[in-house]
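**Student:** Numbering (our numbering), first residue to last: 17 to 417. Before anything else, here's the structure in question.
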Amino acid sequence: MTDMLRPSRRTLLKSAAATAALAAAPVFAPTRFAVGQTAKLKLGLMLPYSGTYAQLGEAITNGFKLAVQEAGNKLGGRDIEYAVVDDESEPAKAPENANKLVNRDKVDFLIGTVHSGVALAMAKVARDTDTMLVIPNAGADAITGPLCAPNIFRSSFSNWQPAFPMGKVVADRGLKNAVTLSWKYAAGEESTGGFKEGLTKAGGKVVKELWLPFPNVEFQPLLTEIAAAKPDVVYVFFAGGGAVKFVRDYAAAGLKDKIPLVGPGFLTDGTLEAQGESAQGLETTLHYGDGLDLPKNKSFVEAYKKAYGREPDVYAVQGYDAGQLIAAGLGAVKGDTGARKDLVAAMEKAEIDSPRGRFTISKAHNPVQDIYLRKVVGTENRVTGVAHRALADPARGCKMA
Ligand code: BEZ
17 MTDMLRPSRR
27 TLLKSAAATA
37 ALAAAPVFAP
47 TRFAVGQTAK
57 LKLGLMLPYS
67 GTYAQLGEAI
77 TNGFKLAVQE
87 AGNKLGGRDI
97 EYAVVDDESE
107 PAKAPENANK
117 LVNRDKVDFL
127 IGTVHSGVAL
137 AMAKVARDTD
147 TMLVIPNAGA
157 DAITGPLCAP
167 NIFRSSFSNW
177 QPAFPMGKVV
187 ADRGLKNAVT
197 LSWKYAAGEE
207 STGGFKEGLT
217 KAGGKVVKEL
227 WLPFPNVEFQ
237 PLLTEIAAAK
247 PDVVYVFFAG
257 GGAVKFVRDY
267 AAAGLKDKIP
277 LVGPGFLTDG
287 TLEAQGESAQ
297 GLETTLHYGD
307 GLDLPKNKSF
317 VEAYKKAYGR
327 EPDVYAVQGY
337 DAGQLIAAGL
347 GAVKGDTGAR
357 KDLVAAMEKA
367 EIDSPRGRFT
377 ISKAHNPVQD
387 IYLRKVVGTE
397 NRVTGVAHRA
407 LADPARGCKM
417 A
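Listed below in C-alpha cells is the structure:
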C-alpha cells in the first residue's frame, strides 16, 4: 500500500467503529477521504498553566485557538477536539504527561511546550511513538539539532537564535566585557552560550557566568556579585514571572543606570505592566516586537484584542503560527493524517504569513526569521531595527532521516 493510501494507526484506532463497519462492507476499498475525514482531529495541548510560565502557556493557547477560529474551527476540513494538560514546567512529569496524550487520548498532534526541559522529553515521546509534534515556544537547540526528526516542527525559535545577534549589538557599542546570568537549564545555558558566541566573534568576552536553579528568584547575592565585577554589560535569560522579578530587583539594586542590562526579548515580553518603570529603556533582541508595520501584524493584534481583551505578546504569536503551520499541512492532505509524507512535505514547504513577518521552515524544521532589536517605551517593546535578517539556526548535529 502506498503512503497516499495508508491510514495512520492512530486514526484507525480512534475511528474503530467506522473502520469496523467499512471492513465489513463487501466492496470496501480504503481511500484517503473515507478514513481521514470520519473522526474529529484530536489536538493535545501540553503547556504550563501554573507556575512561573503560566501566562506564557495561556498566551500560546489563545494564539493557537485564534488561528483555528480563523480557519473556520476546522483543520484540513476536520472538526477539532482538544485534550489539555498542565505540564507545570516540570521535566520530571513530562514523559508521563506526553505519553498520556499519545496513548490514552490518541492525539493526532502534540502541541507544546514552553520549558526546554519538558520539550526535550516530549520530543523523545514523539520520536518513540512517531507522533506529530509542533513546539510553540521551547527553544532547546537539540530539538532542531541532534534530535531533529521528520515529525517534529517548531513555530518559535531555537535558544541560540535571538541570543547570538545581541553579542554583536553590544560589542559594536564598545561594551566588550560581559557578565551572564540565568537559570541553569537548557534554555539559559543555550541562550547565554549563543550570546557568548556572538560577543566573542565580535571581539568581546564573557568575564563571569552566574547561575541559579529554575525557577528560583533569590537574585540578591548575584546582584551583589555583578556590582563587584563591574562589567560593561549584563546579559540575562529570564522569562515570565522570573523576568518580572529580576528586572525590578536589578533596578531596585541601583544597577540599571550603571550597567546596561540586555537579553533575549523574553526578559520584557508579556511582562511590562508588572515591570513598570524598572523596564523603561531596556533593549532586547527577539523575532517579534510591538508596532511592526505589517498588515498581518495589524489584523492579528486587532483580532487578538477583540477575542481576549488584551494585547498579544510573542508567545501568542508563536501559538498562532503553530496553528497556521498545522493548517498548512492538513490543508494539503485534506485532513488525512495518514498521508504522513505529504503532510510533512507541506509543512516543510509552508511559508507562514506571521505577525512577526513572513518566515520559512529550515531543513531542521525551525523558523528562518528576522531578529529585531527592541527598546522598552511605556508598555511596548518597540522595534528599533533588525539585528539579524533571515537568521537560520545552525542546526548543529541535525541529520534528518
Ligand atoms: C525555554 O525553556 O526554552 C524558554 C522558556 C521561556 C521563554 C523562552 C524559552
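From the three backbone atoms N, C-alpha and C, an ideal C-beta is built for every residue, glycine too.
1. Kindly list the residues whose CB is nearer than 7 Å to the CB of Ala408, restricted to its own chain and excluding five residues on each side of it in sequence; keep chain order.
2. What residue from Thr301, Gly325, Glu293, Gln334 has the CA that sits closest to Asn313's CA?
3. Which residues mark the beginning and the end of the beta strand (DSSP E) in which Ile127 is found?
4. When you compare each of His131, Gly155, Asp157, Cys164 to Asp144 by their alpha carbons, which one comes out closest?
5. Taking the alpha helix (DSSP H) that Pro178 belongs to, which residues open and close that run?
6. Is the CB of Leu271 under 8 Å away from at least one CB in chain C?
7. Do you know whose CA, among Glu225, Asn167, Lys200, Lys261, lies nearest Ala194's CA?
8. Counting Cβ pairs closer than 8 Å, one from the region 237-249 and one from the region 260-273, do we hit at least three?
9. Cβ of Asn175 versus every heavy atom of the ligand BEZ: is any distance shorter than 7 Å?
10. Look at the alpha carbon of Gly88 and the alpha carbon of Tyr336, and state the distance between them as a whole number of angstroms.
11. Based on the DSSP output, what are the partners of Asp95 in its beta bridges?
12. If contact is defined by three or more beta carbon pairs under 8 Å, each pair taking one atom from either stretch, is the region 361-381 in contact with the region 103-116?
13. Go ahead and pull the three-state DSSP assignment for Arg412.
14. Please list the terminal residues of the continuous beta strand (DSSP E) segment that includes Asp386.
15. Using a Cβ-Cβ cut-off of 6 Å (strictly less than) and excluding sequence neighbours within five positions of Val349, which residues of its own chain qualify?
16. Give the range of the alpha helix (DSSP H) segment to which Ser6 is assigned.
17. By Cβ distance, which residues of its chain are closer than 7 Å to Ala45, with the 5 residues on each side in sequence left out?
18. What residue does the beta strand (DSSP E) around Tyr251 start on, and which one ends it?
19. Thr395: buried (16+ other C-beta within 10 angstroms of its C-beta) or exposed?
20. Output the distance between the C-alpha atoms of Ala41 and Leu341, rounded to the nearest integer angstrom.
21. Buried or exposed: Arg390, going by 16 or more other Cβ atoms within 10 Å of its Cβ?
22. Applying the criterion that 16 or more other CB atoms from any shown protein chain within 10 Å of the CB defines a buried residue, is Asp188 buried or exposed?
**Tutor:** Walking through what the data contain:
1. As a working note, residue 408 is residue 392 in the sequence shown. Taken in chain order, the residues that qualify are Ser378, Val384.
2. For this step, residue 313 is matched to residue 297 along the sequence shown. For Asn313, the nearest C-alpha among the options comes from Gln334.
3. Taking the sequence shown and counting its residues from 1, the one referred to as residue 127 is at position 111. Element bounds for Ile127: 125-127.
4. Looking up residue 144 in the sequence shown gives position 128. Asp144 has its Cα closest to that of Cys164, out of His131, Gly155, Asp157, Cys164.
5. Locating residue 178 in the sequence shown gives position 162, counting from the first residue. Segment 176-188, the alpha helix (DSSP H) holding Pro178.
6. The structure shown contains no chain C; it holds only a single protein chain.
7. Within the sequence shown, residue 194 is the residue found at index 178, counting from 1. With distances taken between Cα atoms, Ala194 lies closest to Glu225.
8. yes
9. Residue 175 sits at position 159 when you count from the first residue of the sequence shown. Result yes, Cβ under 7 Å from the ligand BEZ.
10. For the purposes of this step, residue 88 is taken as residue 72 along the sequence shown, with counting starting at 1. For the purposes of this step, residue 336 is taken as residue 320 along the sequence shown, with counting starting at 1. Those two C-alpha atoms are separated by around 14 Å.
11. Looking up residue 95 in the sequence shown gives position 79. Beta-bridge pairing links Asp95 to Lys90.
12. no
13. One-based indexing of the sequence shown puts residue 412 at position 396. Residue state, collapsed to three classes: coil.
14. For the purposes of this step, residue 386 is taken as residue 370 along the sequence shown, with counting starting at 1. Where Asp386 is concerned, the enclosing beta strand (DSSP E) stretches over 383-393.
15. What you label residue 349 is simply residue 333 of the sequence shown in a count that begins at 1. Only Ala355, Asp358, Leu359 meet the Cβ criterion.
16. Nothing about residue 6 can be reported from this structure: the residues present for the chain run from 17 to 417 only.
17. The residue given as residue 45 occupies position 29 in the sequence shown. Residue confidence for Ala45 is low, a pLDDT of 37 falling below 50, so the modelled location carries little weight; the figure read from the coordinates is stated next. Contacts found: none.
18. Numbered from its first residue, the sequence shown carries residue 251 at position 235. Taken as a continuous stretch (DSSP letters only), the beta strand (DSSP E) holding Tyr251 covers 249-253.
19. As a position in the sequence shown, residue 395 is number 379, starting the count at 1. Exposed is the call here.
20. Residue 41 sits at position 25 when you count from the first residue of the sequence shown. Residue 341 sits at position 325 when you count from the first residue of the sequence shown. A caution first: Ala41 carries a pLDDT of 40, below 50, which makes its placement in the model too unreliable to give a value.
21. Locating residue 390 in the sequence shown gives position 374, where the first residue counts as 1. Classification for Arg390: buried.
22. Position 172 of the sequence shown holds residue 188. Looking at its Cβ environment, which holds fewer than 16 other Cβ atoms inside 10 Å, Asp188 is exposed.
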